[in-house]
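**Student:** Chains as they are written, first to last, in this note's numbering: chain Z, 1 to 150; chain V, 151 to 300; chain L, 301 to 450; chain P, 451 to 600; chain X, 601 to 750; chain U, 751 to 900. All C-beta atoms in this analysis are idealised placements derived from N, C-alpha and C, irrespective of residue type, glycine included. Just passing along the structure, written as structure tokens.
Protein chains: 6
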Amino acid sequence: MSSFSHTDDKGKANMVDVGHKPLQRRSATAEGFIRLSEHTLNLIRENEMKKGDVLTVAEVAGIQAAKETSRLIPLCHPLQLTKVDVKTRVTETGVRVTAMARCTGQTGVEMEALTAVSVALLTIYDMCKAVDKEMVIGEISLIEKIKTDL
Amino acid sequence: MSSFSHTDDKGKANMVDVGHKPLQRRSATAEGFIRLSEHTLNLIRENEMKKGDVLTVAEVAGIQAAKETSRLIPLCHPLQLTKVDVKTRVTETGVRVTAMARCTGQTGVEMEALTAVSVALLTIYDMCKAVDKEMVIGEISLIEKIKTDL
Amino acid sequence: MSSFSHTDDKGKANMVDVGHKPLQRRSATAEGFIRLSEHTLNLIRENEMKKGDVLTVAEVAGIQAAKETSRLIPLCHPLQLTKVDVKTRVTETGVRVTAMARCTGQTGVEMEALTAVSVALLTIYDMCKAVDKEMVIGEISLIEKIKTDL
Amino acid sequence: MSSFSHTDDKGKANMVDVGHKPLQRRSATAEGFIRLSEHTLNLIRENEMKKGDVLTVAEVAGIQAAKETSRLIPLCHPLQLTKVDVKTRVTETGVRVTAMARCTGQTGVEMEALTAVSVALLTIYDMCKAVDKEMVIGEISLIEKIKTDL
Amino acid sequence: MSSFSHTDDKGKANMVDVGHKPLQRRSATAEGFIRLSEHTLNLIRENEMKKGDVLTVAEVAGIQAAKETSRLIPLCHPLQLTKVDVKTRVTETGVRVTAMARCTGQTGVEMEALTAVSVALLTIYDMCKAVDKEMVIGEISLIEKIKTDL
Amino acid sequence: MSSFSHTDDKGKANMVDVGHKPLQRRSATAEGFIRLSEHTLNLIRENEMKKGDVLTVAEVAGIQAAKETSRLIPLCHPLQLTKVDVKTRVTETGVRVTAMARCTGQTGVEMEALTAVSVALLTIYDMCKAVDKEMVIGEISLIEKIKTDL
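Listed below in structure tokens is the structure:
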């Protein structure tokens, strides 16, 4: 039966040794969603029309958060990201955030993509909280994870 | 019609001026959920029985993330938190995280509570990702927000 | 003859004691400039017309940098900023950045305003460096500094 | 006509993909200047004679800031610097700061050198602001940028 | 029997609630020692004579570390330090570091003073490690802790 | 006579150039000790029996601190750690902390191991300071340092 990689046989926390794994091209894409009221969605659309900043601030916050992942998640390894892309899309019921991260390294970048999505969603929450008391963040999951040899 | 507090009349990003608001006792509680497979839940319960660390690491990561909120969310004000509490509870289908933050300040602490929940959930995701490929993080929302005069 | 507040009588570095100063409302405004080529300025104007992000990313970076000031400047005191505003303006020869910071505290916020300006200018440099090899950052100075009793 | 590497065809912010570029030895040197009053310059010279710390604190702050570059500039890639050197030189009218950064990586280190210069200059500003109200920071530019194959 | 303030009755980690404590002037002084070889001590004395930087870099690192305390120690509250002072003194057998921290706050600053001492000592270790393989850091303890009403 | 690698011939601080050194597998182990009262040791043992968190929080803080080393120690190079392990052991007179760090890089990881030990010990100090006024941290030293060719 498979077991946690981040705990030893006594169940104690453990940063896994990735030192003997080969360098590979790693890519991961994650997404998530924030449910917003009709009123808030109209304000966001209006802000977009005025060339306003709401969604751009969220995207920038997501990119920066990807670079903070190993400082936020205690057992994550530091990685040198070669690309991060965070995109937002207004839907009928909220905003969907998609983040893609890439690196050449010894371990995967899914936590970086998931952290970017989470912080971008929190940033939208922050910017809309004065007008919307019913927001819910959810559906945060990994969409794709790829590794290819150099 | 109410509008965003974090954008000016041209829709540009803006850190709201809270300098003239009174100091008040502020408290906020948020929660969220990560859906896990039966197998993963059994491993977590077993880890708990062995006095293992999985949920403690998530709680500690959440507490620390609350203190990072204003660095992660671009338009958040820095706050001096006087208390943070993060708790995890294993359910039939996953783990529920609840976070409470408090400060005496000029603006609310809901973003701190929500950030603590989000990072605790990401930490659980990180520790379980070797054994569970179907995890989804969601239901992140504010449960309670209180302000009382000094 | 007046002398440095940040060094003791042997000339050694020293974080000044501000603990006995009264709490006051503090505000500071700083500005700076980045000289750009005609070609780069056209690209920035075009980006603005497309609702692009160049100047917004710089403004967000400046706001976030203001919150990092006491971590970047060794003898700066940590402050709880109550407002930060960073604005960019395209001129005939480059981009002018203005930043305003406010707090209620025991020491001034000019370093926060100056740090916001500097990092916003560096961010513009970063985004334009693929197309402009002649950029110069300068004219960074304090425009106004105000303190008022509570 | 060349265009911004950090924006996509809609003008949206974008951390460029450097994952397919070869590892190369990268080096960059930047400089900048802070204009100081005669009185302040005399105090700095006197501090130097007393083996005081003013310029050393600025140099250390610059070295540390170089390591923070990817956290301050939103679209900068994280890099593993192999060397940073920051030097200050008192002139007739102020202090000139020169910074050199090196790494073996897939993208250049000019932003690291420029950030080191900017933060060293801000640190001098901070240490002199009690005695000099006319300081101006400027002339921040790239002096040299080298890449060589491994 | 007195018990830990940082754990609840189940022994789980807990950031103590200090929100109802009065604001007081807080001060703490800590010290520590690094044992060095005769050869290393001679190099440090020579560096001092040349107006070199070894001990200044350690003092600056200590001041900056004091400001990082709540980010390094998971259950520490964020504080607004009003003063930090770190001093080093070469003895017959090593270097003694003393750090003093002050704030006006609801909880003490001993962890800030102890963290400043620890990081200043680690910085000396780092700068001497090429020449001294027998260094030991120790005797880190609190010397004095004061609180006075406003 | 050997001299400091981190200072130039004028004794000025200097981040050593490691860019021409080969990539090697690096490993370092450090340890340290905190002396605790009989009463405090009993509380820690009791906390362990209740599956409490005191020592786990210290271990997690140590792992995270290892990743912060180059930000705390001014002349340390940034490294991509591939493994960190921090363990605590209750003795008759206190708690012993051992930390091991590994990377594949151009310079050693002893500062990372020593920083992990120091911050884990400070975290124990923080959690026990309400009940123990006589704690002393010491005996922090390097136990082993290994480099092997790839």
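Taking a contact to mean a Cβ-Cβ separation below 7 Å, would you say Ala28 (chain Z) touches Glu110 (chain Z) in this structure?
**Tutor:** Cβ distance < 7 Å, so Ala28 (chain Z) and Glu110 (chain Z) count as in contact.
**Student:** Taking only beta carbons into account, state which residues of the stretch 75 to 90 of chain Z come closer than 7 Å to chain P, listed in chain order.
**Tutor:** Under the 7 Å Cβ criterion, the stretch 75 to 90 of chain Z contributes Gln80, Leu81, Thr82, Lys83, Val84 and Asp85.
**Student:** Whose C-beta lies closer than 7 Å to the C-beta of Pro78 (chain Z) among residues of the same chain, with five residues either side of it excluded?
**Tutor:** Cβ within range, chain order: Ser70.
**Student:** Here's the rule: buried if 16 or more other CB atoms are within 10 angstroms of the residue's CB, otherwise exposed. What is Leu623 (chain X)?
**Tutor:** When all chains shown are included, Leu623 (chain X) counts as exposed.
**Student:** Just to confirm, are Ile737 (chain X) and Leu721 (chain X) a CB contact at a threshold of 7 Å?
**Tutor:** Yes. Within cutoff.
**Student:** Return the Cβ separation of Leu525 (chain P) and Ile146 (chain Z) in integer angstroms, given the expectation that the two are a contact with Cβ distance under 8 Å.
**Tutor:** In fact, because the Cβ distance is near 23 Å, the residues do not count as touching under 8 Å.
**Student:** Quick one, which residues of the stretch 341 to 371 of chain L are near chain Z if we go by CB-CB under 7 Å, in chain order?
**Tutor:** Here the close residues are Lys351, Asp353, Thr356, Val357 and Val360.
**Student:** I want to see whether chain U comes within less than 7 Å of Met15 (chain Z), judged by CB atoms only; does it?
**Tutor:** It does; some Cβ of chain U falls within 7 Å.
**Student:** What residues are listed by DSSP as bridge partners for Met465 (chain P)?
**Tutor:** For Met465 (chain P), which the question treats as bridged, DSSP gives the partners Z:Val84.
**Student:** Output the boundary residues of the beta strand (DSSP E) element that contains Ser337 (chain L).
**Tutor:** Taken as a continuous stretch (DSSP letters only), Ser337 (chain L) belongs to no beta strand (DSSP E), as it is neither H nor E.
**Student:** On a Cα-Cα basis, can you pick out the residue from U:Gly761, U:Lys760, U:Asp767 and U:Thr757 that is closest to Gln856 (chain U)?
**Tutor:** Selected option, being the one with the closest Cα: U:Asp767.
**Student:** Who are the near neighbours of Thr82 (chain Z) in its chain, counting only those whose CB is closer than 8 Å to its CB and skipping five residues on each side?
**Tutor:** Excluding positions up to five away in sequence, the list reads Arg102, Cys103 and Thr104.
**Student:** Please report whether the beta-carbon of Thr854 (chain U) lies at a distance below 7 Å from any beta-carbon of chain Z.
**Tutor:** Taking Cβ atoms only, chain Z reaches closer than 7 Å to Thr854 (chain U), which makes this a yes.
**Student:** State the DSSP-derived secondary structure class of Asp126 (chain Z), mapped to helix, strand or coil.
**Tutor:** In this structure, Asp126 (chain Z) counts as helix in the three-state DSSP scheme.
**Student:** Against chain V, with Cβ distances strictly below 7 Å, would His20 (chain Z) count as a contact?
**Tutor:** It does not; no Cβ of chain V falls within 7 Å.
**Student:** I'd like the span of the alpha helix (DSSP H) that includes Lys145 (chain Z), first residue to last.
**Tutor:** Unbroken run through Lys145 (chain Z) is the beta strand (DSSP E), Val136 to Asp149; no alpha helix (DSSP H).
**Student:** Find out if the Cβ-Cβ distance for the pair Glu808 (chain U), Thr848 (chain U) is shorter than 7 Å.
**Tutor:** According to the sequence as given, residue 808 (chain U) is Ala; it is not Glu. In this structure, Thr848 (chain U) does not lie closer than 7 Å to Ala808 (chain U) by Cβ.
**Student:** Since Gly662 (chain X) sits in a beta bridge, which residues does DSSP pair it with?
**Tutor:** Looking at the DSSP assignment, Gly662 (chain X) forms no beta bridge with any residue, so it has no partner.
**Student:** So is Glu110 (chain Z) in contact with chain B if we call contact Cβ pairs under 7 Å?
**Tutor:** This model lacks chain B altogether, as its protein chains are Z, V, L, P, X and U.
**Student:** With 16 as the cutoff for other CB atoms within 10 Å, does Thr148 (chain Z) come out buried or exposed?
**Tutor:** Thr148 (chain Z) comes out exposed.
**Student:** Check Thr506 (chain P) in the structure and name its three-state DSSP category.
**Tutor:** Three-state result, Thr506 (chain P): helix.
**Student:** Is Ser327 (chain L) helix, strand or coil by DSSP?
**Tutor:** Strand at Ser327 (chain L).
**Student:** The stretch 245 to 272 of chain V: which residues have C-beta closer than 8 Å to a C-beta of chain X, in chain order?
**Tutor:** Those residues of the stretch 245 to 272 of chain V that come within reach of chain X (Cβ to Cβ, closer than 8 Å) are Arg252, Cys253 and Thr254.
**Student:** Arg325 (chain L) touches chain V at which residues, Cβ-Cβ below 9 Å?
**Tutor:** Result: Gly169 and His170.
**Student:** For Lys729 (chain X), does the count of other Cβ atoms within 10 angstroms reach 16, so buried, or fall short, so exposed?
**Tutor:** Buried.
**Student:** Note down, in chain order, each residue of its chain lying with its Cβ closer than 8 Å to the Cβ of Val867 (chain U), except the 5 sequence neighbours on either side.
**Tutor:** Ala780, Glu781, Gly782, Gly812, Val836, Val847, Thr848, Ala849 and Ile890.
**Student:** In whole angstroms, what separates the C-alpha of Val281 (chain V) from that of Leu205 (chain V)?
**Tutor:** Each residue's Cα considered, the two are about 16 Å apart.
**Student:** Quick one: is Asn647 (chain X) buried, meaning 16 or more other Cβ sit within 10 Å of its Cβ, or exposed?
**Tutor:** Buried, by the Cβ-count rule.
**Student:** Return the CA-CA distance between Ala563 (chain P) and Lys517 (chain P), expressed in angstroms with no decimal places.
**Tutor:** Roughly 10 Å between the two C-alpha positions.
**Student:** Who are the Cβ neighbours of Arg625 (chain X) in its own chain at under 6 Å, not counting the five residues just before and after it?
**Tutor:** Cβ neighbours of Arg625 (chain X) beyond the five flanking positions: Thr704 and Thr748.
**Student:** In the DSSP output, which residue or residues are listed as bridge partners for Gly844 (chain U)?
**Tutor:** Answer is U:Arg785, bridged to Gly844 (chain U).
**Student:** Take Met277 (chain V) and list the residues in its own chain whose beta-carbon comes closer than 6 Å to its own, dropping the five residues that flank it on each side.
**Tutor:** Result list for Met277 (chain V): Val204, in chain order.
**Student:** DSSP three-state call for Thr307 (chain L): helix, strand or coil?
**Tutor:** Thr307 (chain L): strand per DSSP, three-state reduction.
**Student:** Relative to the C-alpha of Gln530 (chain P), which candidate in P:Gly558, P:Ser453 and P:Asp458 has its C-alpha closest?
**Tutor:** When only C-alpha atoms are compared, the closest one is P:Gly558.
**Student:** Which partner residues does Thr704 (chain X) have in the DSSP bridge list?
**Tutor:** Bridge partners of Thr704 (chain X): X:Arg625.
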